[in-house]
């Protein structure tokens with residue numbers, strides 16, 4: 018059963034002060050002009066979701082690779098593509114920065130002068146504190162229109178061809194606003210995501226980056242490192258020929274875009290480095306238990322992990 022997205026869950030953001038249920042409903046129904054900067058998988062999926070739900074009167078795309086934006090138009094995800102980010106955002110109601118996190122700071126500078134007084138800017142980046150700092154520095158007066166957001170959704174297949182209009186159904190979108198952020202801008206971004214089927218959670222940017230370092234960024238580092246370790250072996254082909262479902266499931270995310278994830282972990286390097294150091298300590302304890310044939314220590318480690326993972330799975334699969 019799908020979650021009730023109209024009633025905020027624990028940690029979920031309620032409508033800003035001064036807004037009513039009628040305001041929220043009108044925001045949800047209103048079709049707006051949208052610019053999506055970054056037309057790959059996430060940007061394309063958002064375009065597809067907006068298109069299917071008739072939430073946008075027009076969608077203009079911009080991508081650093083013009084062919085990517087052109088494919089978005091050919092696929093019917095975008096109404097038009099633009100040759101520059103500044104041109105793409107002219108006259109639109111909502112700007113979504115869906116480019117890799119390493120590219121977003123430069124985009125802030127390119128669009129700052131074109132953000133209208135009633136426009137809203139948001140992003141889908143996997144790190145938040147650094148992007149907020151860049152937005153504050155680059156957007157100037159338009160910073161109050163910026164609503165930092167992170168949909169906890171993704172996939173390994175790149176490009177607009179992989180776009181999924183239902184990608185955000187049931188996912189959590191984290192909103193990490195600043196004191197300067199306009200309440201009406203927050204409301205519009207929240208309602209867009211709710212209309213795409215997502216739940217809204219709010220938290221501090223630093224907390225977001227610390228948590229995502231643990232449950233998203235570190236797992237990618239581990240998956241990449243394990244596959245690279247095997248790839249560097251002289252007998253890698255023979256080793257991989259015997260790999261089964263466990264290896265496949267554990268390393269699925271190692272097939273993700275390498276440059277994208279390089280930028281993400283570098284943008285969050287302090288938190289990722291801290292989590293990596295703590296994990297290394299855990300692995301050293303496991304190594305010591307193996308060397309000492311300490312069955313009890315290993316069983317305690319495995320049972321704790323097993324209980325925690327089963328409980329997580331039950332929450333994910335629950336109503």
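In this note's numbering, the protein residues as written are 18 to 336. Note that the Cβ used here is the ideal one computed from N, Cα and C, for glycine as well.
- Per DSSP, the continuous alpha helix (DSSP H) segment holding residue 334 begins and ends at 312–334.
- Out of 197, 212, 189 and 242, the CA that lies nearest to the CA of residue 219 is found in 189.
- In the three-state reduction of the DSSP assignment, residue 112 falls in the strand class.
- Using a C-beta cut-off of 8 angstroms, the segment 191–203 makes no contact with the segment 79–86, since fewer than three inter-stretch Cβ pairs fall below that distance.
- Where residue 218 is concerned, the enclosing beta strand (DSSP E) starts and stops at 216–219.
- Inter-segment contact for the segment 222–239 and the segment 280–300 is present: three or more beta-carbon pairs are separated by less than 8 angstroms.
- Nearest Cα to residue 278 within the set 135, 193 and 144: 144.
- By the CB criterion at 9 angstroms, residue 156 and residue 141 fall outside the cutoff.
- When the alpha-carbon of residue 211 is set against those of 125, 77, 260 and 166, the nearest one is in 166.
- The continuous beta strand (DSSP E) containing residue 189 extends over residues 189–192.
- Residue 232 sits exposed, since fewer than 16 C-beta atoms from the chains shown fall within 10 Å of its C-beta.
- With fewer than 16 other Cβ atoms inside 10 Å of its own Cβ, residue 319 counts as exposed.
- Secondary structure at residue 89: helix, using DSSP grouped into helix, strand and coil.
- Taking the Cα of residue 108 as reference, the smallest distance to any Cα among 121, 197, 119 and 74 is reached at 74.
- In the structure shown, the three-state DSSP call for residue 185 is coil.
- Closest in C-alpha terms to residue 332, from the list 276, 187, 206 and 120, comes 187.
- Straight-line measurement puts the Cα of residue 269 at about 26 angstroms from the Cα of residue 316.
- With distances taken between CA atoms, residue 91 lies nearest to 77 out of 134, 103, 77 and 283.
- By the CB criterion at 9 angstroms, residue 131 and residue 152 fall outside the cutoff.
- Of the candidates 110, 177, 146 and 235, the residue whose Cα lies closest to the Cα of residue 294 is 235.
- For the options 298, 246, 163 and 183, the alpha carbon positioned closest to that of residue 207 is the one of 163.
- Residue pairing from DSSP leaves residue 291 without any beta-bridge partner.
- For the pair residue 105 and residue 128, the CB atoms are nearer than the 9 angstroms cut-off.
- The bridge partners DSSP lists for residue 78 are 53 and 98.
- Taking the C-beta atoms as reference points, residue 66 is found no nearer than 9 angstroms to residue 160.
- Taking the CA atoms as reference points, residue 325 sits about 28 angstroms from residue 183.
- Distance from the CA atom of residue 119 to the CA atom of residue 281, rounded to whole angstroms, is 7 angstroms.
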